[in-house]
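Heads up, the thing below is written out as structure tokens.
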Amino acid sequence: MLMEWSIVFAEFTLVILLSVVTLTVQVVIFRKKSLMTIWKQCGVLSLVVGSITLLAIQNIILSSQWILILLGIITNVPENTFSIVFVAHLSVVLWQFHHCAKVGLFSQRVYFLLFPAKSVKTFNYLLLGVLCIVYVMGFVATAYSFLHYNIPNGKPVPEGCFSFNCMTAKDGNVRFWYSIFIVCITLAITILGSYMLYLLHKHKKRTYSVVEKKTNTFALYVFYVRFICVTVPFFADILLSKIANVDLGKHIGPFATYGSTVDYTVKVIVYYTLAARHKKISSYVKYYIYAGGDQRDNRSTTMQKLAAVSCHITQHRYATHRFLRHLRHLRQLLGVLMDFLDNYNGNMYLRSTTRHYRLSCAACRLNREQHDRDCGFL
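Whatever position you read off the sequence shown (first residue = 1), add 28 for this note's numbering.
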């Protein structure tokens, strides 16, 4: 049974509403932290978050176009084939960029989990270079198929068609190049995301910074949400079309557009939630920096105050370590006295244990001096 156009109309309207919600949350996020700040913290994460803004705008345009087609304002005639298909192709190009950015995000997370102590600069340059090559190849193939095979052939939108997949302009060549790119990207995201899950479970006791922990959590949500909203419907459509010759889009409507919209809406809300979770900590640090001073201090003064806060925290940590060292020395001394009382040959045993205690103290003193040099106290 084919879909009623009223149900499809409601689905496209819901896509527009979700996209507006996404853009609203994006505005709130960028007011608190600009895209350039996110880029400095994690380049590929900024590409993922930034591309969501473009996708939301594009989905509003695409859904509005289909609503106008359903209402008959845009006529379904061969002369409108180029304008109708161009909007759909633009959406495909933006989704290709977003998928490449997600591959980069998962690749970077895997690299950090495998080599936490190594520099990421060289890897980032290599990763961005490879992703640019892959995206350019997909973009060129998509643009070539659009310009070469976009020939008007009757009505651009057949009866019962409500998506780009079933349009007459998308012939076998266009479908082939589009499917090849999507399948490769989907497999890469699934493999990298699954491996990232394994590494996070393996190194779950490892200590991460606030930014790293937030990025790892966001990457997990990206993988789960994409798998449910995009990967499962995509492969279900391929299997049904090959095995049962069933076009899923004609029965449930524009599932790809709706699933992708839910995908990036959930991701934006998750990112905002993770950013707001550390708001109290950031507010406390800002209050500590500006306490007793003018909030209009210049950048250098602010950095000096931030360095003072860091030094104050380091001094407290150093005092704690020094107290623990004294406790260890006291425990060793008590052990020497107890062993002396329990041993018959007290004098001989006292010499050896006392010598061992002095060697231990000397080693601790050397370690403490080395720690002081590393921290800048000496």
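Glycine included, every Cβ here is placed at the ideal spot set by N, Cα and C.
Keep in mind that this is a model prediction, so the values were computed, not measured.
- Fully contained in the stretch 84-154 are the following alpha helix (DSSP H) runs of length 4 or more, in chain order: 109-142.
- The three-state reading of DSSP puts L82 in helix, counting H, G and I together.
- According to the DSSP assignment, T235 belongs to no alpha helix (DSSP H), since it is labelled neither H nor E.
- Closest in alpha carbon position to F58, among T285, D275, A303, is A303.
- Considering only F283, L122, E107, L46, the residue with the shortest C-alpha distance to A171 is L122.
- In the displayed model, E187 falls within coil according to three-state DSSP, outside both helix and strand.
- Look at G281 here: in three-state DSSP terms it is coil, with no helix or strand label.
- Taking F190 as the centre and dropping the five residues before and after it, the same chain places the C-beta of V36, G281, P282 closer than 6 Å to its C-beta, in chain order.
- Between V185 and the set V211, G100, V48, the nearest pair of CA atoms involves G100.
- In this structure, DSSP gives N244 a helical state, which the three-state scheme calls helix.
- Of the other Cβ atoms in all chains shown, fewer than 16 fall within 10 Å of the Cβ of G157; this residue is therefore exposed.
- Residue range 33-60 is occupied by the alpha helix (DSSP H) that includes T50.
- Under the criterion of beta carbons closer than 8 Å, A247 and F110 do not qualify as touching, at roughly 39 Å.
- In the displayed model, L73 falls within a helix according to three-state DSSP.
- The beta carbon of I112 lies closer than 6 Å to those of P184 in the same chain, with the five residues before and after it left out.
- If you check the CB distance, I217 and R254 come in under 8 Å.
- Residue G132 holds the alpha-carbon nearest to the alpha-carbon of F251 among G132, L82, S62, Y163.
- If you draw a 10 Å sphere on the C-beta of L276, you find 16 or more other C-beta atoms in it, and that means buried.
- In the displayed model, L276 falls within coil according to three-state DSSP, outside both helix and strand.
- Taking the CA atoms as reference points, V211 sits about 12 Å from V258.
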